């Protein structure tokens, strides 16, 4: 079988794309991917593909260029398309909403149109990466969200992804495309980009364990700075989630589905697990309003974390928790990697990377 993965930013060179490419190769697929021509200058992490680079074909181009997409689809004639390309940083979307919409919404439209132009409606199955940010979160913890929960996006990123979600639904209903939206809740790994809070936490724990300094002239180790620790997410492992992505395209008929662990944890719990991995117990520090202002190492008294309000989003999403009953019942999908294993993997990877860099 032949598959093509369209990759940019978070595509074939990123966390999900690289794990998915490995999975597809194991299943006997021939894998094609799309990466931006200047990907190496954009910080795209080609090392994620190091072990399989010789087994896949990467095409240079941009998903915002409809002509390149048409040319690729005509040449490759894919059976499956995994559309993972996105500007996926929520905070960045407030600074560059135009770019966010161009990539996330227009890029999706370009892909759907290219499938139509190439006459692949009856041949090609399409997966579109949606996001739990579509829901806008809930105001109370432990409130389950399902495929039928109302959407209330709270960022340009979420709004652009909601537009892409409805484009896929419309092309499926109006033009008969075999296309699905996968609403994936937060999923992490050692391949996560450094712009995401989980990887910043993993790096912060590793920094503290190795007692790295801010600079050669500094006597103070770097502080982990976070917007807050009370927000809660449903965190899973990317390897589990890409398995769910593949399973969605093996259905008899297209159906949008949600993928989540069904377990919610706060940022505080993630921080404690990460520092616990390096043997550090934390004592939380509170201000006069009884809100957390930071944390210190209980052994040394050294401050390791500081709450920085300047890092807050313009509109925050307090809680996200997913109910993946549909995926479990229809696909037989289940998460297999425990939260503790996920955090340990991320911290260990950062320890190894920092040791090599110092």
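Numbering (our numbering), first residue to last: 2 to 359.
Just so it is clear, CB atoms sit at the ideal spot from N, CA and C, and this is done for glycine as well.
Predicted, not measured: the structure shown is a model, and the values here were computed from it.
#1: For residue 237, which residues of its own chain have a beta-carbon under 6 Å away from its beta-carbon, when the five flanking residues on both sides are left out?
#2: Decide if residue 311 is buried, meaning its Cβ has at least 16 other Cβ atoms within 10 Å, or exposed.
#3: Got a sec? Which residues, its chain only, sit under 8 Å from residue 137 by beta carbon, not counting five neighbours each side?
#4: Please list, in chain order, all residues of the same chain as residue 329 whose beta carbon is under 7 Å from its beta carbon, the five residues on each side excluded.
#5: Using three-state DSSP, classify residue 263 as helix, strand or coil.
#6: Tell whether a beta-carbon distance below 8 Å holds between residue 240 and residue 83.
#7: By the 10 Å Cβ neighbour count, where 16 or more other Cβ atoms means buried, how is residue 157 classified, buried or exposed?
#8: Using a Cβ-Cβ cut-off of 6 Å (strictly less than) and excluding sequence neighbours within five positions of residue 126, which residues of its own chain qualify?
#9: Hey, quick one: how far does the beta strand (DSSP E) through residue 22 stretch, first residue to last?
#10: Checking the sheet assignment: what are the DSSP bridge partners for residue 368?
#11: List the DSSP bridge partners of residue 139.
#12: Distance check for residue 195 and residue 272, CA to CA, integer angstroms please.
#13: With a CB to CB cut of under 6 Å and the five nearest residues on each side skipped, what residues in its chain are close to residue 210?
#14: Within 10 angstroms of the Cβ of residue 232, are there 16 or more other Cβ atoms? Answer buried if so, exposed if not.
#15: Rounded to a whole number of angstroms, what is the C-alpha to C-alpha distance between residue 295 and residue 285?
#16: Run through DSSP, which three-state label would residue 155 get?
#17: Name the DSSP beta bridge partners of residue 363, please?
#18: Helix, strand or coil: how does DSSP classify residue 295 here?
#19: If I measure Cβ to Cβ from residue 338 and keep anything under 8 Å in the same chain, skipping five residues before and after, which residues do I get?
#20: Any heavy atom of the ligand MN closer than 7 Å to the CB of residue 307?
#21: May I ask you to report which of helix, strand or coil DSSP gives residue 247?
#22: Output needed for residue 228: all residues of its chain with C-beta closer than 6 Å, excluding positions within five of it in sequence on either side, in chain order.
#23: Kindly indicate which three-state DSSP category residue 88 falls into: helix, strand or coil?
#24: The beta strand (DSSP E) that contains residue 132, what's its start and end?
#25: Mind checking which residues open and close the beta strand (DSSP E) that includes residue 314?
#26: Would you mind stating whether residue 76 and residue 181 have Cβ atoms separated by less than 8 Å?
#27: In the structure shown, what three-state DSSP assignment does residue 120 receive?
#28: Are the beta-carbon atoms of residue 146 and residue 324 separated by less than 8 Å?
#29: Between the Cα of residue 204 and those of 86, 351 and 54, spot the shortest distance and give me the residue it belongs to.
#30: If you drop the 5 nearest sequence neighbours on each side, which residues of the same chain put their C-beta closer than 8 Å to that of residue 343?
#31: In terms of alpha-carbon separation, which member of 141, 115 and 142 lies closest to residue 172?
#32: Nearest CA to the CA of residue 62: which residue from 123, 53, 56 and 73?
#33: Going by DSSP, what residue range makes up the beta strand (DSSP E) through residue 307?
#34: Once you ignore the five residues that flank residue 274 on each side, which residues in its own chain have a CB closer than 6 Å to its CB?
#35: Distance check for residue 23 and residue 54, CA to CA, integer angstroms please.
#36: What are the boundary residues of the beta strand (DSSP E) that residue 50 is part of?
The short version:
#1: 188, 262 and 336
#2: exposed
#3: 152, 153, 154, 155, 159 and 318
#4: 335
#5: coil
#6: no
#7: buried
#8: 81, 179 and 250
#9: Segment 16-27 is the alpha helix (DSSP H) holding residue 22; no beta strand (DSSP E) there.
#10: This structure does not reach residue 368, given that the chain is present from 2 up to 359, and the question cannot be answered.
#11: 320
#12: 15 Å
#13: 279
#14: buried
#15: 6 Å
#16: coil
#17: The structure shown has nothing for residue 363, since the chain only spans 2 to 359.
#18: strand
#19: 237, 238, 240 and 241
#20: The model on display carries no ligand, and the ligand MN is accordingly not part of it.
#21: helix
#22: 312 and 313
#23: coil
#24: 126-132
#25: Segment: none, residue 314 is in no beta strand (DSSP E) and carries neither H nor E.
#26: no
#27: coil
#28: yes
#29: 351
#30: 189, 190, 236, 237 and 238
#31: 115
#32: 73
#33: 304-308
#34: 344
#35: 10 Å
#36: No beta strand (DSSP E) holds residue 50; DSSP gives it neither H nor E.
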